[in-house]
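>
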Amino acid sequence: MRAFTYERPADMATALTAIGKPGAKFLAGGTNLLDLMKVEAEVPQHLVDVSRLPLVDIAEENGGLRVGAMVTNSDLAAHALVRERYPMLSRALLNGASGQLRNQATTGGNLLQRTRCYYFYDSSAPCNKRAPGSGCSALQGYNRIHAILGASDACIAVHPSDMAVALAALDAEVEVQSAKAKRRIKITDFHRLPEATPQKETNLNNGELITAVILPPPPAGGQVYRKVRDRASYDFALVSVAALVDLDGERIRSARIALGGVAHKPWRALEAERGLVGATLSDDAFAAAGEAAVKGAQGRGHNDFKIMLAARTVARALTEAAQQRKA
Amino acid sequence: MTKPVTRRGILGTGTALGALGSTALAQTAPSPARGAAPMTVDVGLTVNGAHHDLKVDPRTTLLDLLREHLGLTGTKKGCDHGQCGACTVLVDGLRKNACMNLAASCDDREIVTIEGLGTEQALHPLQAAFVKHDGFQCGYCTPGQICSAAGMLAELKRGLPSAVTADLKASVIELAENEVRERMSGNICRCAAYPNIVAAILEAAGKA
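Protein sequence lines, in the order shown, are assigned to chains A and B. For the first sequence, my numbering assigns the number 21 to the initial residue and increments by one for each residue that follows. For the second sequence, my numbering assigns the number -11 to the initial residue and increments by one for each residue that follows.
#1: Buried or exposed, going by whether 16 or more other CB atoms sit within 10 Å of the CB of Phe19 (chain A)?
#2: Would you call Ala180 (chain B) buried or exposed, if buried means 16 or more other Cβ atoms sit within 10 Å of its Cβ?
#3: Taking 8 Å as the cut-off, is the CB of Lys206 (chain A) close to at least one heavy atom of the ligand HEM?
#4: When the Cα atoms are used, what is the spatial distance from Ala171 (chain A) to Thr231 (chain A)?
#5: Leaving out five residues on either side along the sequence, give the residues of the same chain with a beta carbon under 7 Å from the beta carbon of Arg178 (chain B).
#6: Under DSSP, the beta strand (DSSP E) around Tyr245 (chain A) begins and ends at which residues?
#7: Would you kindly check if the distance between the Cβ of Gly147 (chain B) and the Cβ of Asn36 (chain B) is under 9 Å?
#8: Tell me which residues share the same chain as His45 (chain B) and place their Cβ nearer than 7 Å to its Cβ, disregarding the 5 neighbours each side in the sequence.
#9: In whole angstroms, what separates the C-alpha of Asp182 (chain A) from that of Arg249 (chain A)?
#10: Does the segment 256 to 271 of chain A come close enough to the segment 230 to 244 of chain A that 3 or more CB-CB pairs lie under 8 Å?
#11: On the DSSP bridge list, what partners appear for Phe46 (chain A)?
#12: What does Ala38 (chain B) reach in chain A if we use C-beta pairs closer than 7 Å?
#13: For Leu301 (chain A), which of helix, strand or coil comes out of DSSP?
#14: Restricting to Cα atoms, I'd like to know which of A:Val102, A:Glu195 and A:Ala199 is closest to Lys206 (chain A).
#15: Using a 10 Å radius around the Cβ and a threshold of 16 neighbouring Cβ atoms, would you call Asn130 (chain A) buried or exposed?
#16: Take Lys58 (chain A) and list the residues in its own chain whose beta-carbon comes closer than 7 Å to its own, dropping the five residues that flank it on each side.
#17: Considering just the uninterrupted stretch of the alpha helix (DSSP H) at Asn356 (chain A), what are its terminal residues?
#18: For a contact defined as C-beta to C-beta under 8 Å, what are the partners of Glu162 (chain B) on chain A?
#19: For Asn115 (chain A), return the contacting residues in chain B, with the cut-off set at a CB-CB distance below 7 Å.
#20: According to DSSP, which residues form a beta bridge with Asp30 (chain B)?
#21: Could you tell me the boundaries of the alpha helix (DSSP H) in which Val76 (chain A) lies?
#22: For Arg83 (chain B), which three-state DSSP category applies?
#23: Check the Cβ of Asn123 (chain A) against every Cβ in chain B and list those closer than 7 Å, keeping chain order.
#24: In whole angstroms, give me the CA-to-CA distance for His99 (chain A) and Leu109 (chain A).
#25: For Leu101 (chain A), tell me which candidate among B:Glu167, B:Arg169, B:Lys195 and B:Ala158 has the shortest Cα-Cα distance.
#26: Over the uninterrupted alpha helix (DSSP H) stretch that includes Ala117 (chain B), give me the two end residues.
#27: Taking 9 Å as the CB-CB cut-off, is His69 (chain B) touching chain A?
#28: Could you check whether the Cβ of Phe46 (chain A) sits closer than 9 Å to any Cβ belonging to chain B?
#29: Strictly below 7 Å CB to CB, what residues from chain A border Ala181 (chain B)?
#30: Where do the ends of the alpha helix (DSSP H) carrying Ser136 (chain B) lie?
#31: Within 8 Å, do at least three Cβ pairs link the segment 86 to 94 of chain B to the segment 131 to 151 of chain A?
#32: How many whole angstroms separate the CB atoms of Ala337 (chain A) and Ala252 (chain A), which I take to be in contact at a CB cut-off of 8 Å?
#33: Examine chain A for any beta-carbon lying closer than 9 Å to the beta-carbon of Asp41 (chain B), and answer yes or no.
#34: Let's see if you can read the secondary structure: which residues bound the alpha helix (DSSP H) around Ala292 (chain A)?
#35: Quick check on the DSSP output: the beta strand (DSSP E) that includes Ser260 (chain A) runs from which residue to which?
#36: Which residue marks the beginning of the beta strand (DSSP E) containing Gln197 (chain A), and which one marks its end?
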């Protein structure tokens, strides 16, 4: 690990000023940042520890929930209102990482975690995300875990978060603050596609700190988070789906579909959702939605299987969500 | 050289090895030009009931503080990347990977390690159950397994659900084998003593 200096400001204003120092980065749970510093994929010169800032409340707000950025994954998953009103979020969190990591990882940090592409971690391999302009080792390499949607020739890495996939389906917003201003960013606009600049993963500006995630009032319908991975537990998604289905008798009133493990950002399948509105509940309708969700998907060899896996996981998650709505 | 060869001694001779011309080593050696000014951080924390005030390099992890500064080598370094769970300790009662915490961030925290869970004369119920059920082979992951299990049972008492909990709204969750396996998935046992580990935990939880 490269040398760095460390400070733990007592309040937000000090933290937002401290982040202006050369090479400074915020440290919250550190479960990804520290990991990346050990392999020198991250080399901050200064750490501003924000883990004890008073951003740990979960409170009802305008019929929804306001989740402080330092709320841990464990606390968010276990919160009574999240379990009752946003079960797909609780499920997504509980399907991520391990008990130890969930006790430490934060809501804000989860959004900022970086890809688990092996080439990004391997400092001896070219990687446009770690070393812009050096090339993408995954394009011609072992790319079983890589993107099938929205990728570019510069980068085919995927965003690893489970939580963010549920947040995308729930239309959450991210509240961010700098020394000068506070603003909200829609979760689907928060992360970027790689295009030619995969090193830029979010639309956060320099000096902005995530202060909260805002959940709108819970949408009507059954909610499901379904994750497919190589191990039964404690593994990143090959494909995951957050699905919501609302019914009017046997007709689908509305549906939401977000996918994880397939793109550089949580992937909302809006066209597939629109295709379901007004349709009669049937296996065929959900299978068609699965196909629509992967329209335009491109395999890179080792990950070709993900296209069919994603389509079928969407269909399965929608089926389960509809069953929950009926129950 | 009359000094005995130790692993630490070898790790400490990075500059000598660098002179052999390995570019990989040259790349990973700390570079004063790119690094920040050297500094130390004051850390005051309680470990197994005893308070310690230390000055550490900011890079020091809680794991290295426990093992290298305090000599508490019961907590093991497996992967050092939060993947294996061998370094699991309790921080303010919550199970965490000691390798994924900077010591500086643990200022004012209360840490419990395997050395603080029980004594040779009076084993912690989990320790006794691991012995009874032979919940290990090589034993390297065992301190982490036991600290993790202690934290996990406390989470269960607080009503935390898991990925395999059927009813998310249930306030009381029965500890069954599938719950133990899911909740303990952050602790890897390369000897694969899992059946015995699960049996030990179920017994210690009063469920066997």
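The beta carbon of each residue, even a glycine, is placed where N, CA and C say it ideally should be. None of the values given here were measured: they were computed from a predicted structure.
Per the coordinate set shown:
#1: Since the displayed chain A opens at 21 and closes at 347, residue 19 (chain A) lies outside it and no answer follows.
#2: exposed
#3: The ligand HEM is not part of this structure, which contains no ligands at all.
#4: 29 Å
#5: none
#6: Taken as a continuous stretch (DSSP letters only), the beta strand (DSSP E) holding Tyr245 (chain A) covers Gly242 to Val248.
#7: A distance of 9 Å or more separates the beta carbons of Asn36 (chain B) and Gly147 (chain B).
#8: Correcting the residue identity first, residue 45 (chain B) is Asp in this sequence and not His. Excluding positions up to five away in sequence, the list reads Thr28.
#9: 12 Å
#10: yes
#11: A:Val68
#12: None at all; the shortest Cβ gap to chain A is about 23 Å.
#13: coil
#14: A:Glu195
#15: The residue in question, Asn130 (chain A), is buried, as its Cβ has 16 or more Cβ neighbours within 10 Å.
#16: Met21
#17: The structure shown does not extend to residue 356 (chain A), since chain A is modelled only from 21 through 347, so no value can be given for it.
#18: Near Glu162 (chain B) there are no residues of chain A at all, since even the closest Cβ is about 17 Å away, more than 8 Å.
#19: Ala151
#20: Residue pairing by DSSP puts Asp30 (chain B) in a beta bridge opposite B:Lys43.
#21: Counting along the chain, Val76 (chain A) falls outside any alpha helix (DSSP H), and DSSP gives it neither H nor E.
#22: strand
#23: Leu82, Arg83 and Lys84
#24: 11 Å
#25: B:Ala158
#26: Pro113 to His121
#27: Chain A has a Cβ within less than 9 Å of the Cβ of His69 (chain B).
#28: no
#29: Neighbourhood of Ala181 (chain B) in chain A, by CB distance below 7 Å: empty, with the nearest CB roughly 17 Å away.
#30: Thr130 to Lys145
#31: no
#32: Incorrect: roughly 18 Å between the Cβ atoms, too far for contact.
#33: no
#34: Leu290 to Leu296
#35: Val259 to Asp268
#36: Glu193 to Gln197
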